[in-house]
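At position 192 of the sequence shown (counting the first as 1) the number is 182 in our numbering, and the numbers step up by one without a gap. Where a beta carbon is used, it is the ideal one built from N, C-alpha and C, also for glycine. For clarity, every value in this text was computed on a predicted model and none was experimentally measured. Let me begin by presenting the structure, written as structure tokens, before commenting on it.
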Amino acid sequence: MARKRLIAGNWKMHKTDSEAGESAVNLKALLANIKDIDILICPAFTSLYSLASIFRKTSIMLGAQNMHFEKEGAFTGEISAPMLRDIGVAYVILGHSERRHIFNEDDNMINRKVTAALAAGIAPILCIGETSEQRNRNETLDVLESQLTRCLKDVSKANAKKLIIAYEPVWAIGTGKNATPEQAEDIHRFIRTIIENLYDRNTAEIIRILYGGSVKQFNAKALLDKPDIDGALVGGASLEPAVFAEIVGMARIK
Ligand code: PGA
């Protein structure tokens, strides 16, 4: 079964709502009719509502960059999965390394968020990845296996099939450094084996595994050509609509 490819733009803490709106209008003109690739934009919370309206009746989907694990309550400054779902958010990035390292999110908290997103009908994009220190100590595979196992604790097979996994080596995020397509493919295959061990082969074949970390218009094609790389989570290069559209275009030709 061929997995539908997904190109996701993570805008991080960039763009005011006016700037986001302008980019969204441009993206709509560039990408509105593409059906063979899933296209996802993850703006700041402040632009989710206005982008939902701009992307209505297009195939461009909307994702959040984070959420709280409780449905509601006294959690000043937080946003819940049902709140996101209600305005048309289909995906949420969880466990991004910036959340893990700057905001001290651990696998246990990410697991609670994964469970809460699934319960609300939002597909988590679960990010995993090793730091350069872990890589230098040859711990990459152990780190990835442990992150996956802990973040997916008590997630049923039926729910696991709705997940997206993003392999984002921390040393490649925002640094201009890249895993080579071969290195990335090896890791993606390893991740698929872990999923098979946790669930079964069918689930491992269904789950899409994205690569993230300095994906640019000049390196995307070689990464996306690999059989186990099902798409990309694009940070910096997603901020410019024409560049993001170029990367989407590369996912269309295999
Ligand atoms: P980058 O970010 O493409 O700017 O490296 C990727 C990410 O953090 O998702």
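Buried or exposed by the 16-neighbour rule on C-beta atoms within 10 Å, applied to residue i
| i | result |
| --- | --- |
| residue 70 | buried |
| residue 62 | exposed |
| residue 217 | exposed |
| residue 204 | buried |
| residue 3 | exposed |
| residue 120 | buried |
| residue 8 | exposed |
| residue 56 | buried |
| residue 202 | buried |
| residue 208 | exposed |
Ligand 1 heavy atom lying under 8 Å from the CB of residue i
| i | result |
| --- | --- |
| residue 163 | yes |
| residue 202 | yes |
| residue 14 | no |
| residue 178 | no |
| residue 235 | no |
| residue 116 | no |
| residue 238 | no |
| residue 54 | no |
| residue 156 | yes |
| residue 63 | no |
| residue 309 | Since the first residue shown for the chain is -9 and the last is 244, residue 309 is missing from the structure and cannot be characterised. |
| residue 174 | no |
| residue 0 | yes |
| residue 221 | no |
| residue 227 | yes |
| residue 145 | no |
| residue 205 | yes |
Min CB distance residue i to chain B below 9 Å
| i | result |
| --- | --- |
| residue 193 | The structure shown contains no chain B; it holds only a single protein chain. |
Of the listed residues the options, nearest to residue i (C-alpha basis)
| i | options | result |
| --- | --- | --- |
| residue 113 | 88, 156, 242 | 156 |
| residue 75 | 200, 51, 95 | 51 |
| residue 33 | 235, 39, 1 | 1 |
| residue 79 | 39, 198, 100 | 39 |
| residue 138 | 172, 184, 115 | 184 |
| residue 31 | 24, 41, 206, 189 | 41 |
Residue i beta carbon near ligand 3 (any heavy atom closer than 8 Å)
| i | result |
| --- | --- |
| residue 85 | With respect to small molecules bound, the structure shown includes ligand 1 and not ligand 3. |
### Query
For the stretch 168 to 186 against the stretch 122 to 141, are there 3 or more C-beta pairs whose distance is under 8 Å?
yes
### Query
Between the stretch 138 to 152 and the stretch 160 to 169, do three or more beta carbon pairs fall short of 8 Å?
no
### Task
Mind the definition here: the stretch -9 to -2 touches the stretch 218 to 225 only if three or more C-beta pairs lie below 8 Å; say whether that holds.
yes
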